[in-house]
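Engineer: Numbering of the sequence shown is given in our numbering, commencing with residue 35 and proceeding in unit increments.
Idealized CB from N, CA, C, for every residue including glycine.
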Amino acid sequence: MNGILLIRKDIGITSTSCVNHVRQCLEKKFKVGHAGTLDSTASGLLVLLIGKATRLSRFVMDLPKLYRVRVQLGSFTDTDDYSGEILSSCGYESVSEELIDSLLFSFQGTRMQVPPGISAVSVDGKRAHELARSGERVSLSPKPIYVEYIRRISPLDSKMEFQLEVKCHKGTYIRSIARDIGRLLGSGAFVRSLERFSIGIWDLDHPSTLRLSQCTGYEQIEAHLLSLNEMQHYYNTYSLSSEQEISARNGISLSLSDLSPLQRGIFPSANSLILRGENLFSFAGIREYENRSSYLVKPETNINLDEGQR
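Below is the structure:
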């Protein structure tokens with residue numbers, strides 16, 4: 035039982051409760067973790083990792099994510115979404131679709147973003163949301179994020195709401211984007227609804243995606259579990275000879291020029307690639323420049339496979 039499970043999370047359910055539910059279904063015999071949480075106020079795709087696949091969490095988290103968010107103009111809240119207390123209300127008479135669209139360009143590419151005060155960001159070893167809810171003032175530093183694109187996909191309606199589609203990478207808070215749009219417009223803004231539609235090429239329409247209520251036991255989960263090989267869709271993958279596999283198992287660096295290309299990833303990373311041996315699945319980092327024609331790759335996360343896990 036090693037693989038990737040796609041869950042359609044509903045509003046009001048925490049990511050942790052999804053992990054615990056699946057662990058219970060598997061009678062706590064296997065490790066279960068997630069590859070990036072969703073707020074309880076949000077819905078959409080949650081990727082769970084089971085067994086040895088839990089070691090792949092950071093590599094799944096590096097994949098691009100697609101969100102659909104409905105933004106409400108007119109107010110700021112302390113959570114930057116509909117669940118929070120209103121901090122202030124603002125006028126929005128001068129806001130138009132053209133003005134919104136012109137501002138969205140500034141949110142694309144690499145930029146600095148201040149996370150929401152109610153978030154899982156660590157501050158002196160504690161979560162920001164724990165400090166904020168205990169009455170402490172939380173001052174968070176801006177962090178670099180990358181937004182591949184952001185676009186309006188619905189009209190600005192009579193309630194002064196509109197919908198955005200945002201494709202972004204790890205560390206991006208959609209609630210902060212809504213808040214910052216409100217500041218630029220001078221109208222205030224918060225998230226009315228948020229759905230994560232996809233991570234990489236996995237999406238809510240994937241045939242293996244399950245609702246939590248459909249996870250009723252071992253057989254149901256196993257039938258929808260995706261193989262570790264799914265990661266080869268995303269990262270450049272190289273095959274290992276028997277001798278190279280032994281070296282990789284022992285953490286010995288290999289020359290990239292000596293490896294045989296197996297599969298090109300659709301989101302190739304400049305820092306990581308996959309090594310595949312007869313009984314080894316490994317994420318390796320490109321660490322050193324060996325000479326003018328080749329790089330060295332060093333195995334970092336090795337997963338040993340048996341006959342049933344290839």
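Could you check the C-alpha separation between residue 348 and residue 200 for me, to the nearest Å?
Structural biologist: This structure does not reach residue 348, given that the chain is present from 35 up to 344, and the question cannot be answered.
Engineer: Can the beta-carbon of residue 82 be found closer than 8 angstroms to that of residue 39?
Structural biologist: Contact flag set, yes.
Engineer: With DSSP as the reference, identify every bridge partner of residue 146, one or two as the case may be.
Structural biologist: Looking at the DSSP assignment, residue 146 forms a beta bridge with 178.
Engineer: Rounded to whole angstroms, what is the Cα-Cα separation between residue 298 and residue 64?
Structural biologist: Answer to the nearest angstrom: the Cα atoms are 31 angstroms apart.
Engineer: If we ignore side chains and look at the alpha-carbon of each, how far apart do residue 337 and residue 47 end up?
Structural biologist: Going from the Cα of residue 337 to the Cα of residue 47 covers about 31 angstroms.
Engineer: Span of the alpha helix (DSSP H) holding residue 264?
Structural biologist: Note, residue 264: premise wrong, no alpha helix (DSSP H); not H, not E.
Engineer: According to DSSP, is residue 41 helix, strand or coil?
Structural biologist: Reduced to three states, the DSSP call for residue 41 is strand.
Engineer: Thinking C-beta only, is residue 187 closer than 8 angstroms to residue 346?
Structural biologist: In the structure displayed, the chain extends from 35 to 344; residue 346 sits before or after that span and is not available.
Engineer: Hey, quick one: how far does the beta strand (DSSP E) through residue 106 stretch, first residue to last?
Structural biologist: That run of the beta strand (DSSP E) goes 99-107.
Engineer: Pick from 109, 35, 88: whose alpha carbon is nearest that of residue 223?
Structural biologist: Nearest option by C-alpha distance: 109.
Engineer: Among 138, 318, 84, 92, which has the Cα closest to the Cα of residue 53?
Structural biologist: When only C-alpha atoms are compared, the closest one is 84.
Engineer: Helix or strand or just coil, what does DSSP make of residue 304?
Structural biologist: Residue 304: coil per DSSP, three-state reduction.
Engineer: Taking all protein chains shown into account, decide if residue 251 is buried (16 or more other Cβ within 10 angstroms of its Cβ) or exposed.
Structural biologist: With fewer than 16 other Cβ atoms within 10 Å, it is exposed.
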